[in-house]
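Comments concern the structure below.
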Amino acid sequence: DITRLAVKAIVNAANEQLLGCFLPNHKCIDNAIHTFAGIELRMACARMTEYMDMPEKTGVARMTYGFNLPASHVIPIVCC
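Just so we're aligned: the sequence shown equals residues 1 to 80 in full-length UniProt numbering.
In structure tokens form, the structure reads like this:
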């Protein structure tokens, strides 16, 4: 379970908006990471997207804090 790893960073397979999955109880990694990190992660991603062109390009790495996760940082990358 990636949401329990106490590491420097975890990588998130993000959507183009970087705001997490909005399907309740969806079993994707994006939803799991945003759920366990807390609303702070979604707010940080929203602030980040204010300063860049949308939608985020595939393969571009960004970085946020891990917030409520044991991981120090989250690296969201749009994978497809």
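Just so you know, even glycine gets a beta-carbon here, dropped at the ideal spot from N, CA and C. This one's a predicted model, so the numbers in the text were calculated from it and none came from an experiment.
C-alpha distance - residue i paired with residue j, whole-angstrom precision
i	j	result
GLY20	ARG42	7 Å
PRO55	ALA6	30 Å
ASN25	ASN31	8 Å
THR58	TYR51	17 Å
residue 113	VAL60	What the structure shows of the chain is the stretch from 1 to 80, and residue 113 is not part of that stretch, so it cannot be assessed.
THR3	HIS34	9 Å
Bounding residues of the alpha helix (DSSP H) (the contiguous stretch that carries residue i)
i	result
ILE29	29-37
Option nearest residue i by Cα separation, candidates the options
i	options	result
THR64	VAL11, ARG4, ILE2	VAL11
CYS28	ALA61, MET54, LEU69, ASP1	ASP1
Cβ of residue i within 9 Å of any chain C Cβ
i	result
THR64	No chain C appears in this structure, which consists of one protein chain only.
What are the start and end residues of each continuous beta strand (DSSP E) run of 3 or more residues lying completely inside the UniProt domain "Macro" (1-80), in chain order?
9-14, 73-78
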